[in-house]
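Undergrad: Protein sequences, first through last, are from chains A and B. Numbers 1 to 321, taken from our numbering, label the letters of the first sequence in order. Numbers 322 to 721, taken from our numbering, label the letters of the second sequence in order.
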Amino acid sequence: MPGWLIDFLWVVVKVTLVIAFVGVNFIFMVWLERKLSAKMQARIGPNRVGPHGSLQLIADALKLFSKEDIKPAMADPKVWALAPVVMFAPALLVFYVLPVGPNAVIGTDLNVGLLYLAAVSSFTLVGIFMAGWGSNSKYSLLGAMRAGAALMAYEIPLVLSILTVAMLAGTLSVQGIVQAQVDRGYYFVFPGIVAFIIYFICVMAELGRGPFDLVEAEHELVMGYQTEYSGMRWGIMLMAEYTNQFTAAAIAAMLFLGGWDGPFLPGWLWLVIKAYALVMVMMWVRWTLPRVRIDQLLDLSWKFLLPVSLLNLVVVAIFLV
Amino acid sequence: MADQIERSIGAGVQVIEDAETMEEALRRAHLEEQAGERRRMLVNFGPQHPSTHGVLRVLLTLEGETVIDAQPDIGYLHRNWEKIVEGWTYAMVVPFSDRNDYLAAICNEQAVVGAVERLMGIEVPERGQFLRVLVFELQRLTSHLIWFGTFAMDMGATTAFLHAFRERERCYSLFEEITGARLLYNYLRIGGLRNDVPDSWLKKLEQFLDDFEKEAYPSYWDLVINNEIFRVRTKGIGVITPEQAIAYGASGPVLRGSGIRWDLRKVDPFLPYDQFEFDIPVGTNGDAYDRAIVRMKEMMESVKIIRQVMKRLPDGPVMAKLPRALRPPKGQVYNRVESPRGEVGVYLISDGGTGPYRIKWRSPCFTHLMLLPVMARGHLVADLVTCIGSIDIVLGEVDR
Chain A
1 MPGWLIDFLW VVVKVTLVIA FVGVNFIFMV WLERKLSAKM QARIGPNRVG
51 PHGSLQLIAD ALKLFSKEDI KPAMADPKVW ALAPVVMFAP ALLVFYVLPV
101 GPNAVIGTDL NVGLLYLAAV SSFTLVGIFM AGWGSNSKYS LLGAMRAGAA
151 LMAYEIPLVL SILTVAMLAG TLSVQGIVQA QVDRGYYFVF PGIVAFIIYF
201 ICVMAELGRG PFDLVEAEHE LVMGYQTEYS GMRWGIMLMA EYTNQFTAAA
251 IAAMLFLGGW DGPFLPGWLW LVIKAYALVM VMMWVRWTLP RVRIDQLLDL
301 SWKFLLPVSL LNLVVVAIFL V
Chain B
322 MADQIERSIG AGVQVIEDAE TMEEALRRAH LEEQAGERRR MLVNFGPQHP
372 STHGVLRVLL TLEGETVIDA QPDIGYLHRN WEKIVEGWTY AMVVPFSDRN
422 DYLAAICNEQ AVVGAVERLM GIEVPERGQF LRVLVFELQR LTSHLIWFGT
472 FAMDMGATTA FLHAFRERER CYSLFEEITG ARLLYNYLRI GGLRNDVPDS
522 WLKKLEQFLD DFEKEAYPSY WDLVINNEIF RVRTKGIGVI TPEQAIAYGA
572 SGPVLRGSGI RWDLRKVDPF LPYDQFEFDI PVGTNGDAYD RAIVRMKEMM
622 ESVKIIRQVM KRLPDGPVMA KLPRALRPPK GQVYNRVESP RGEVGVYLIS
672 DGGTGPYRIK WRSPCFTHLM LLPVMARGHL VADLVTCIGS IDIVLGEVDR
């Protein structure tokens, strides 16, 4: 077999694996969220389809597939139809630089991996805005505007907190950061606890999770930018949302909690375990707290997180020098 | 007190602005949107919206996310209640009155039943009266629990909603045991109650009150009311000044949230409320937070009253001896009760027949809904939802 064919097949295998993982992860996360929220709310949760309701989402997906594909009459057809895809693509792209073992990265170990992550993960906004604008609905537009404002506000403290990690590790490569934590014997969450907390808050705000779910605030904007979507188009949006949540938790696990590092179990499993621990914290917060208002959301970032993250960056820099 | 209120009314009348019909408001808002000069947006909030507590439609004029104007549009649940009951017998009116404020059915029943009793001069036996107070306060508790749950949900705290419904479920099971129904009871009869309650039921009630007081109630404060996000979301939002509250005819927790100590259980006791000790919680600022605190504290006051009733419950019949056909004398009567939402009043005109000649239903929810534009103006969309939740409306009663 020629070399290029082997490379090509290898890529196909990897992409298939990633997509399969995303699918399974989606099913598991939705099930986990349903069960966890049920536990918190004194309910039982899904328990009919499959053992402990684990196949509930498959039944839901079948339902979504069988629904009529309703397109709003006044929507911009191309923008509207493309939006779920544009939202889903960045969620997949993040996997490209994820290290899953000592010498194993899913795609390539980019030497600017951190920049790539920051750039790709904020690209979801384009999809959200396309959905909000293309739907030609006022609720959708308000939701998209909120998403834009929130992302603008939270991207800066987020990048600043990531920069702290880059300074600690002395590299921008994701694999390099994990390796640095392994080599030194401590995880960056200890020197970078402030950065970790800021990163966590920012990620929840950008994902529209927890107390920051203003983008699709059901009780204000019906469903925000998703209002006009139904059937599997909405399903893809939901999938993008959950995948983004997982990747954000995985990034946090790599930057602050040592990524694949851990005894006995294979590296990729450690990464998944750590990511899920963070995901569960997100779910815990989400199902406990009331929602903040848009002006309070922006205040929190501009007036508190941004100065604190800048200060944190300076303090860490002084300690390193 | 009386002249203080009178002065407030005098001051408050000026607050009412020139009313505009719905068509005019729509046309104006649409023209403004078309012109695009002031960048205003007309948003149809409801009737199928997750947080309008039923089928309320609010015509929102927005500038960005700021509410410039909010015009409630009602009538989607109109059932012609007042006309339908004309020509019915009084016994038939009672179960239909349940459907008005379906979250506080006992209170509606007391309003109707009390009006007829007042007109005919029927004396309800003491045990019947005490049990009426008991179910009345239990009903207030369930109603406030629903308000708590839905209000928390309006804030985005879905978990508190289900925690509130857990306790409400136990209340409804208690109601089911004595009345046979969970929501619309038809339990109060003209002259008393449909049936007595067994002692075992009282024990169950006692158990529920203990659990509620020890576990559920403090957890509501921890989970929602004392939460920092909840505080910043409700403090200073939807302020109703005492003058406005009186001028618009507010009552119940909305009036008390604005700092006016006015509770029909105290000022015009319609059941033997004067025999029990309880406080009337009042707010100071008249914002959504104060109204929430008032309702939260009222829950505990209800528990207090129920405990006193159980301790002093006399023996005897629960139903007065009445003739087969009730024919009140010619005349008219206004009977009002303090429902969880405020003053529910029944204005009854009798022509001497077996049914009402005319009934006018005084709905607190309708009155409070008129305060919505006053509260929401200048706030954000999210606060509009807070405002709707904080006045605790039941659309079934607004539209009747």
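Backbone N, C-alpha and C fix where the C-beta goes; we use that ideal spot for every residue, glycine too. No experiment lies behind these values; they were computed from the predicted model shown.
1) Tell whether a beta-carbon distance below 8 Å holds between P685(B) and G573(B).
2) Taking all protein chains shown into account, decide if K404(B) is buried (16 or more other Cβ within 10 angstroms of its Cβ) or exposed.
3) Determine, using beta-carbon pairs with one atom in the segment 95-114 of chain A and one in the segment 262-277 of chain A, whether at least three such pairs fall under 8 Å.
4) Identify whether Q369(B) lies in helix, strand or coil by the three-state DSSP scheme.
5) What residues are listed by DSSP as bridge partners for G513(B)?
6) Taking only beta-carbon positions, decide if A42(A) is within less than 8 Å of chain B.
7) Of the choices L690(B), I627(B), I709(B), G604(B), whose alpha-carbon is the least far from that of I395(B)?
8) Residues of the segment 96-123 of chain A in Cβ contact with chain B at a cutoff of 7 Å, in chain order, please.
9) Measuring alpha carbon to alpha carbon, tell me which residue in V272(A), F212(A), P90(A), V174(A) is nearest T108(A).
10) What are the boundary residues of the alpha helix (DSSP H) that includes A391(B)?
11) Under a CB-based cut-off of 8 Å, is A537(B) close to chain A?
12) So if DSSP puts S660(B) in a beta bridge, which residue, or which two residues, is it bridged to?
13) Return the chain-ordered ranges of every alpha helix (DSSP H) run that is complete within the segment 152-193 of chain A and spans a minimum of 4 residues.
14) Of all the CB atoms in chain A, is at least one closer than 8 Å to the CB of H399(B)?
15) Less than 8 Å between the C-beta atoms of R657(B) and L576(B), yes or no?
16) Going along chain A, which residues have a C-beta under 7 Å from V639(B)?
17) Thinking C-beta only, is G435(B) closer than 8 Å to M640(B)?
18) My assumption, with CB atoms under 8 Å, is that N548(B) sits in contact with L289(A). Please give the rounded CB distance.
19) Express the C-alpha separation of P677(B) and P635(B) in angstroms, rounding to a whole number.
20) So, under 8 Å CB-CB, P90(A) and V49(A) are touching, yes? Tell me the CB distance rounded to an integer number of Å.
21) Quick one: grab the DSSP three-state call for P84(A).
22) In chain A, what lies closer than 7 Å to I550(B) by C-beta?
23) Quick check: what's the CA-CA separation for F599(B) versus R461(B)?
24) Check distances from the C-beta atoms of the segment 485-509 of chain B to those of chain A and list, in chain order, the residues that come in under 7 Å.
25) Leaving aside the five residues before and after E490(B) along the sequence, list all residues of the same chain whose C-beta is less than 6 Å from its C-beta, in chain order.
26) Considering just the uninterrupted stretch of the alpha helix (DSSP H) at V285(A), what are its terminal residues?
27) Any contact between the segment 125-134 of chain A and the segment 70-84 of chain A? By contact I mean 3 or more CB pairs, one from each, below 8 Å.
28) Kindly indicate which three-state DSSP category E216(A) falls into: helix, strand or coil?
29) To the nearest angstrom, report how far apart A485(B) and F469(B) are at their CA atoms.
30) Any beta carbon from chain B within less than 8 Å of Q226(A)'s own beta carbon?
31) What does G473(B) reach in chain A if we use C-beta pairs closer than 9 Å?
32) Taking C-beta to C-beta, are F28(A) and M232(A) nearer than 8 Å?
33) Give the secondary structure of P694(B) by DSSP, where H, G and I count as helix, E and B as strand, and everything else as coil.
34) Quick one: using the 10 Å Cβ neighbour count with 16 as the cut-off for buried, is V178(A) buried or exposed?
35) Kindly give me the distance between the Cβ atoms of L168(A) and V316(A), rounded to whole angstroms, as I take these residues to be in contact under 8 Å.
TA: In terms of the structure at hand:
1) Locating residue 685(B) in the second sequence gives position 364, where the first residue counts as 1. Locating residue 573(B) in the second sequence gives position 252, where the first residue counts as 1. Yes.
2) If you number the second sequence from 1, residue 404(B) lands on position 83. It is exposed - the Cβ of K404(B) has fewer than 16 other Cβ atoms within 10 Å.
3) yes
4) Walking along the second sequence from the start, residue 369(B) turns up at place 48. It is coil, neither helix nor strand.
5) In the second sequence, residue 513(B) corresponds to position 192, counting from 1. G513(B) is bridged to R510(B), M640(B).
6) Indexing the first sequence from 1 puts residue 42(A) at position 42. Chain B, which has a Cβ nearer than 8 Å to the Cβ of A42(A), makes this yes.
7) Residue numbering aside, residue 395(B) sits at position 74 when the second sequence is read from its first letter. That would be L690(B), whose Cα lies nearest to the Cα of I395(B).
8) none
9) As a working note, residue 108(A) is residue 108 in the first sequence. Residue V174(A) is the option with its Cα nearest to T108(A).
10) Along the second sequence, read from residue 1 onward, the residue named residue 391(B) stands at position 70. Note, A391(B): premise wrong, no alpha helix (DSSP H); beta strand (DSSP E) at 387-394.
11) Reading the second sequence from its first residue, position 216 is the one you call residue 537(B). Chain A contact via Cβ: absent.
12) Numbered from its first residue, the second sequence carries residue 660(B) at position 339. S660(B) is bridged to G663(B).
13) Runs of the alpha helix (DSSP H) inside the segment 152-193 of chain A: 174-184.
14) Here the question's residue 399(B) lines up with position 78 in the second sequence. So, not an interface residue.
15) Locating residue 657(B) in the second sequence gives position 336, counting from the first residue. Locating residue 576(B) in the second sequence gives position 255, counting from the first residue. No; because the gap between Cβ atoms is not below 8 Å, this pair is not in contact.
16) Stepping through the second sequence from its first residue, residue 639(B) is reached at position 318. Per Cβ cutoff of 7 Å: no residues; V639(B) is ~35 Å from chain A at best.
17) Looking up residue 640(B) in the second sequence gives position 319. Looking up residue 435(B) in the second sequence gives position 114. No, they are not a contact pair.
18) In the second sequence, the residue the question calls residue 548(B) occupies position 227. In the first sequence, the residue the question calls residue 289(A) occupies position 289. Rounded, the Cβ-Cβ distance is 7 Å, consistent with contact.
19) If you number the second sequence from 1, residue 635(B) lands on position 314. If you number the second sequence from 1, residue 677(B) lands on position 356. About 33 Å.
20) By 1-based counting over the first sequence, the position of residue 90(A) is 90. By 1-based counting over the first sequence, the position of residue 49(A) is 49. Going by Cβ atoms, the distance from P90(A) to V49(A) rounds to 31 Å, so no, they are not a contact pair.
21) Residue 84(A) sits at position 84 when you count from the first residue of the first sequence. It is helical.
22) What you label residue 550(B) is simply residue 229 of the second sequence in a count that begins at 1. The contacting residues are P211, L289, P290, V292.
23) Taking the second sequence and counting its residues from 1, one reaches residue 599(B) at position 278. Taking the second sequence and counting its residues from 1, one reaches residue 461(B) at position 140. Roughly 14 Å separates the two Cα atoms.
24) Taking 7 Å as the Cβ-Cβ cut-off against chain A, the residues of the segment 485-509 of chain B that qualify are R487.
25) The residue you call residue 490(B) lines up with position 169 of the second sequence. Closer than 6 Å at Cβ, skipping near neighbours: no residue.
26) Position 285 of the first sequence, counted from the start, is the residue given in the question as residue 285(A). Where V285(A) is concerned, the enclosing alpha helix (DSSP H) stretches over 267-286.
27) yes
28) Against the first sequence, residue 216(A) aligns to sequence position 216. Correct three-state label for E216(A): coil.
29) Translated into the one-based positions of the second sequence, residue 485(B) becomes position 164. Translated into the one-based positions of the second sequence, residue 469(B) becomes position 148. Between A485(B) and F469(B), the C-alpha separation is close to 7 Å.
30) Locating residue 226(A) in the first sequence gives position 226, where the first residue counts as 1. Not closer than 8 Å to any Cβ of chain B, the Cβ of Q226(A) fails to qualify, so no.
31) As a working note, residue 473(B) is residue 152 in the second sequence. In the sequence as presented, Gly is not what sits at residue 473(B); that position holds Ala. Within 9 Å Cβ-Cβ: P290.
32) Your numbering for residue 28(A) matches position 28 in the first sequence. Your numbering for residue 232(A) matches position 232 in the first sequence. Between F28(A) and M232(A), the CB-CB gap reaches or exceeds 8 Å.
33) Taking the second sequence and counting its residues from 1, one reaches residue 694(B) at position 373. DSSP places P694(B) in helix when its eight states are reduced to three.
34) Start at 1 with the first residue of the first sequence, and residue 178(A) comes out as number 178. Its Cβ being crowded by 16 or more others within 10 Å, V178(A) is buried.
35) Within the first sequence, the letter at position 168 stands for residue 168(A). Within the first sequence, the letter at position 316 stands for residue 316(A). Contact between L168(A) and V316(A) holds: CB atoms are separated by about 7 Å, below the 8 Å threshold.
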